[in-house]
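*Asks:* Provided herewith is a single structure, encoded as structure tokens, for subsequent inquiry.
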Amino acid sequence: MHRSKVGTAARSGLAALMITGVSMTALMVAAPIGYATAQTQTAEKVTFTVPGGALENALLTFGRQANLEIVYPSALTAGKTVSGLNGTYLIDDALTRLLAGTGLAHQRGADGSVTIYDQATGASDGTQTAPVVIESRIESATGPVEGYVAKRSISGTKTNTALKEIPQSISVVTADQIEDQAAGSVAEAMRYTPGVLTEYRGTSNLHDEMFVRGFSYVPRYVDGLNYGLTSLGQIDPYLLERVELLRGPSSVLFGQANPGGVVNLTTKRPTGETKREVEFSVGTDNLYSVGGDISGVLLADKGIDYRVVAKGLTKDEFGGEMEQNRIAIAPSVSWTPNEDTMLVVNASYQNDPDGGLRPFLAGQGSLYPTPYGYFPRNFWAGAYDFDKHERTQFSFGYSLEHAVNDVVTLRQNARYNDIESTLDQVILNSIKAGGTQINRLATHSDDNLNQYVVDNQAEFNFDTGIVEHKVLGGLDYKYQLYEEYYGNYNLGDEDWRNLTRYIGNVTLSDGTNQETESSQTGLYLQDQIKIDRLNVVLGLRHDWAESAISKRKTNTTEEQRDHALTGRAGVIYNFDNGISPFASYSTSFEPASGTDSDGNAFDPVEAEQYEGGIKYAPDDGRISVTATVYQLTQENIVTYDDSSTKRQIGEIRGRGFEFEVQAEVTPQLSVLASYSRNNTKITDDAKAANIGLKVANMPEEQATLWSKYSFDSGTFDGLAVGGGVRYTGVSTDSVNAVEVPDYTLFDAMLSYDLGALSHRFDGMELQLNANNLLDDTYVASCTRAAWACWYGPGRTVTATLRYNW
0 MHRSKVGTAA RSGLAALMIT GVSMTALMVA APIGYATAQT QTAEKVTFTV PGGALENALL
60 TFGRQANLEI VYPSALTAGK TVSGLNGTYL IDDALTRLLA GTGLAHQRGA DGSVTIYDQA
120 TGASDGTQTA PVVIESRIES ATGPVEGYVA KRSISGTKTN TALKEIPQSI SVVTADQIED
180 QAAGSVAEAM RYTPGVLTEY RGTSNLHDEM FVRGFSYVPR YVDGLNYGLT SLGQIDPYLL
240 ERVELLRGPS SVLFGQANPG GVVNLTTKRP TGETKREVEF SVGTDNLYSV GGDISGVLLA
300 DKGIDYRVVA KGLTKDEFGG EMEQNRIAIA PSVSWTPNED TMLVVNASYQ NDPDGGLRPF
360 LAGQGSLYPT PYGYFPRNFW AGAYDFDKHE RTQFSFGYSL EHAVNDVVTL RQNARYNDIE
420 STLDQVILNS IKAGGTQINR LATHSDDNLN QYVVDNQAEF NFDTGIVEHK VLGGLDYKYQ
480 LYEEYYGNYN LGDEDWRNLT RYIGNVTLSD GTNQETESSQ TGLYLQDQIK IDRLNVVLGL
540 RHDWAESAIS KRKTNTTEEQ RDHALTGRAG VIYNFDNGIS PFASYSTSFE PASGTDSDGN
600 AFDPVEAEQY EGGIKYAPDD GRISVTATVY QLTQENIVTY DDSSTKRQIG EIRGRGFEFE
660 VQAEVTPQLS VLASYSRNNT KITDDAKAAN IGLKVANMPE EQATLWSKYS FDSGTFDGLA
720 VGGGVRYTGV STDSVNAVEV PDYTLFDAML SYDLGALSHR FDGMELQLNA NNLLDDTYVA
780 SCTRAAWACW YGPGRTVTAT LRYNW
């Protein structure tokens, strides 16, 4: 038997031809709407460059370029040659052309399998009568990825598209990477992604707030639909299949959005395969967690599959003074009544009865010492009888797809989200002159969000001469009702080494108390044009946005209506050697609330980006390299002049360079590497003194390196070792009054497949992770002249026992 696995070949005696991954049928069942199904993948064209010669070698090359793993008997190909294959074809058509003249043929079954047979004898090797079965395992743009290197994405175009054909910078963090690095949040999962500041608040990460290319906070989407607010909502990464970052203005696909980019979270959904996994973890800070991922076929004759993913954890914070607790569950069911129609229904529930706190420190005591020295890293300014955070998140949605014919496919994605959060905490408000006393505030906030999002799509695949078109038209709508309340009470000044931990009943001032009702309707059109190896993406969108802010304290309502036209144009050319130069232009908008001095509503804040670079993704290797330069400008920012009058003349410009490598160098060695340089400054402002200031928090330079090596034979068979280094450069605060020093952190992992010891332990794996291995104390970032600073997380060590069966 010969096996082709992306750049490798091995031999054995099994008489089968198999393609790894989920079967085409399973993909069709599992894929959500707006996401690839089995049918759309079989209809997906692939560009092949297969040299002529021995059929054995040709099949190996074919498998790599089609992203397939092939296992076949030597007798079937012995002595046979082919003339080669060059061009862009459907996979079935390509295989037919490749096998022409060999005496072999293939046939696809209703279940998505493919049978290769000898046309003369009907046998797979000329002597047997059993055919050779191929089970398709083409990577889905939303499904599982083996290893760290994804080849397809849904976020860049809302269609199932190869990353090398998208003229924009996109990073994909796979579930395997999340697992290997033991990421405890989406922000932690993106630590090795270039151009992203993931944990500017250090240990107080409650909402996965992230800076991208100098702009904050980038919005989060779940399965292509908006989720929560930029500072409200958080999903446990164990529930996710992958995390994707689309960099730059992206309003043409998603409507109003931060210009830095969009983070799209792809949830785990049914795959049509049986999977059973449980894991148990213990670690520093009294961490205990348990997770489970169970999926399979519910009713095979009805085409119904299921999946249930769950996670529970508890751990200490602030040296054991407080706790964090979480329970999360995400069930989903897929139904494929026929090959043209698919429905996926999914829900998620996450309850954090102790959700963690959101404090900060002062610059004195963290960046530079007080007379008492520095604040300890686990410093807590709170009160036992007051501090409490409760958060509940619930979502329910569905994805429906119907292929009308080979040209037209209709989709609808919809989801309802409900997020409720109550946070009571005593915080450090300021450090007093002399540095021995701090002023504390008792604060209370309630945030309640009801959100409904729906996206209707029609996709058309057709040719005009030599030009292939994938046209996507859509109408999406978002409605949300957001209630927020904030109040506080000043507790006065105390020596920060001897704080009162019980404050009794306090009467909070009535601060923010309002309700915001808002909606957005967007109409968009996109054409993905393909001429041989040239790919062009053109998009245009018009949005209508409305909002009404009801302020309960004053019994007044502020209403606002905006509309904006955004677009995108990009081009990328795929050379035979895997190099793909690209260039793109894109725009975005965000409504700006309020009015100017004449009572006129502000125009939307707008942004534009010019981006160019090179991607390297050879067909015959598991490697992805992206090098990008960009200029990103945001304008129409509302600023205040010296007389505190609002003026909409603000402008921020960011320029930078990013480099990213994701590679499986060998079947045993995987590598991640990144570097980014960012220079984002205020280029116009109502206050002349602000012009030229750097944006807060975002470091000018970042660099990371991670590698993992898995032993598969010999003395160390079953052992895997990994490690990484993360460098974060100098940053500053919002008025550029302080400089936050750079820091370098080291991570490590060690895992062992216990099945290498004995078959009795097959499926069991023990994994050990350490982040910030040297336990460095550092300041993650500061803002407002160092009024607020945050320590970064100290060393964390986690041990996980995982069992798959």
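Taking numbering that gives the first Met the number 0, I'd label the letters of the sequence shown as residues 0 to 804. Here a beta-carbon is modelled for each residue, glycine too, at the ideal position from N, C-alpha and C.
Nearest by alpha-carbon distance to A174: which of G155, V242, L539, L162 is it?
*Replies:* Comparing Cα-Cα distances from A174 to each of G155, V242, L539, L162, the minimum goes to V242.
*Asks:* Along the chain, where does the alpha helix (DSSP H) containing F253 start, and where does it finish?
*Replies:* First-last of the alpha helix (DSSP H) with F253: 250-253.
*Asks:* Inspect the CB distances between the stretch 431-449 and the stretch 376-391 and report whether three or more fall short of 8 Å.
*Replies:* Output reads yes: the stretch 376-391 touches the stretch 431-449.
*Asks:* Go to T565, then tell me how far its beta strand (DSSP E) extends in each direction, as first and last residue.
*Replies:* From DSSP, the beta strand (DSSP E) with T565 extends over 555-572.
*Asks:* Measuring straight from C-alpha to C-alpha, what distance separates G319 and F279?
*Replies:* If you take the alpha carbons of G319 and F279, they lie about 21 Å apart.
*Asks:* Relative to the C-alpha of L821, which candidate in R532, G232, A606 has its C-alpha closest?
*Replies:* What the structure shows of the chain is the stretch from 0 to 804, and residue 821 is not part of that stretch, so it cannot be assessed.
*Asks:* Mind reading off the beta-carbon distance from T76 to Q525? Whole number of angstroms is fine, and I expect it under 8 Å.
*Replies:* That belief does not hold up - the Cβ atoms of T76 and Q525 are roughly 42 Å apart, past 8 Å.
*Asks:* Under 8 Å Cβ to Cβ from D683, same chain only, skipping five residues before and after it: list those, please.
*Replies:* Answer for D683: E634, I648, G649, E650, I690, listed in chain order.
*Asks:* Give the DSSP-derived three-state secondary structure of E805 in the structure shown.
*Replies:* Not covered by the structure: residue 805. The range shown for the chain is 0 to 804.
*Asks:* Could I get the ranges of all uninterrupted beta strand (DSSP E) runs contained in the stretch 392-442, with 3 residues as the minimum, in chain order?
*Replies:* Within the stretch 392-442, the complete beta strand (DSSP E) runs of at least 3 residues are 407-430.
*Asks:* When the Cβ atoms of the stretch 545-553 are set against those of the stretch 523-537, are three or more pairs found closer than 8 Å?
*Replies:* Too few Cβ pairs lie closer than 8 Å, so no.
*Asks:* May I have the straight-line CA-CA distance separating T41 from T95, to the nearest angstrom?
*Replies:* Interpretation of T41 is limited by its pLDDT of 44, a score under 50 that renders its predicted location unreliable; the figure taken from the coordinates is listed afterwards. For T41 and T95, the distance between alpha carbons rounds to 14 Å.
*Asks:* Do three or more CB pairs link the stretch 556-563 to the stretch 225-232 at distances below 8 Å?
*Replies:* Result no; under three Cβ-Cβ pairs closer than 8 Å.
*Asks:* What is the rounded straight-line gap between the Cα of E699 and the Cα of P358?
*Replies:* Near 25 Å, if we compare the C-alpha coordinates of P358 and E699.
*Asks:* Any heavy atom of the ligand GTP inside 7 Å of the beta-carbon of T714?
*Replies:* The ligand GTP is not part of this structure, which contains no ligands at all.
*Asks:* Count the other CB atoms, across all protein chains shown, that sit within 10 Å of the CB of H468; report buried if there are 16 or more and exposed otherwise.
*Replies:* Exposed is the call here.
*Asks:* Taking only runs that begin and end inside the stretch 473-508, name each unbroken alpha helix (DSSP H) of 4 or more residues, in chain order.
*Replies:* For the stretch 473-508, not a single whole alpha helix (DSSP H) run of length 4 or above is found.
*Asks:* Quick check: what's the CA-CA separation for L196 versus V211?
*Replies:* Rounded to the nearest angstrom, the two C-alpha atoms are 7 Å apart.
*Asks:* Roughly how many angstroms lie between the CA atoms of S730 and D640, to the nearest whole one?
*Replies:* For S730 and D640, the distance between alpha carbons rounds to 26 Å.
*Asks:* Quick one: what does DSSP say E164 is sitting in, helix, strand or coil?
*Replies:* Reduced to three states, the DSSP call for E164 is helix.
*Asks:* Give me, in chain order, the residues of the same chain whose beta-carbon lies closer than 6 Å to that of S249; leave out the 5 immediate sequence neighbours on both sides.
*Replies:* Here the set comprises A256, V261.
*Asks:* So what's R268 in DSSP terms, helix, strand or just coil?
*Replies:* Three-state DSSP puts R268 in coil, outside helix and strand.
*Asks:* Cα-Cα, which of D752, I426, Q363, F459 is closest to R410?
*Replies:* Of D752, I426, Q363, F459, the residue nearest in Cα terms is F459.
*Asks:* Between Q608, T515, F378, T435, which has its C-alpha nearest R500's C-alpha?
*Replies:* Of Q608, T515, F378, T435, the residue nearest in Cα terms is F378.
*Asks:* Helix or strand or just coil, what does DSSP make of Q176?
*Replies:* It is helical.
*Asks:* Give me the Cα-Cα distance between P311 and R794, rounded to the nearest whole angstrom.
*Replies:* According to the sequence shown, residue 311 is Gly rather than Pro. G311 and R794: Cα-Cα distance of roughly 22 Å.
*Asks:* Within this structure, are the beta carbons of K707 and K693 separated by less than 8 Å?
*Replies:* Not in contact: K707 and K693 (Cβ atoms no closer than 8 Å).
*Asks:* Is G194 closer than 8 Å to R275 when the C-beta atoms are compared?
*Replies:* No, the Cβ-Cβ distance between R275 and G194 is not below 8 Å.
*Asks:* Based on Cα-Cα distance, which residue from F588, G611, D597 lies nearest to V604?
*Replies:* The option with the nearest alpha carbon to V604 is F588.
*Asks:* Have a look at K301 and G271 and give me their C-alpha separation to the nearest angstrom.
*Replies:* About 12 Å.
*Asks:* Distance, Cα to Cα, V221 vs S642?
*Replies:* Looking at the two C-alpha atoms, the distance is approximately 43 Å.
*Asks:* In terms of residues, what are the limits of the beta strand (DSSP E) holding D542?
*Replies:* Run containing D542: 533-550, per the beta strand (DSSP E) assignment.
*Asks:* Where does I153 sit, in a helix, a strand or coil, going by DSSP?
*Replies:* Three-state result, I153: coil.
*Asks:* What would DSSP say about N689, mapped onto helix, strand or coil?
*Replies:* Reduced to three states, the DSSP call for N689 is helix.
*Asks:* If you follow the beta strand (DSSP E) that T627 is in, where does it begin and where does it stop?
*Replies:* Its beta strand (DSSP E) spans residues 622-639.
*Asks:* Could you give the DSSP three-state label for V242: helix, strand or coil?
*Replies:* The answer is strand: DSSP assigns V242 an E or B state.
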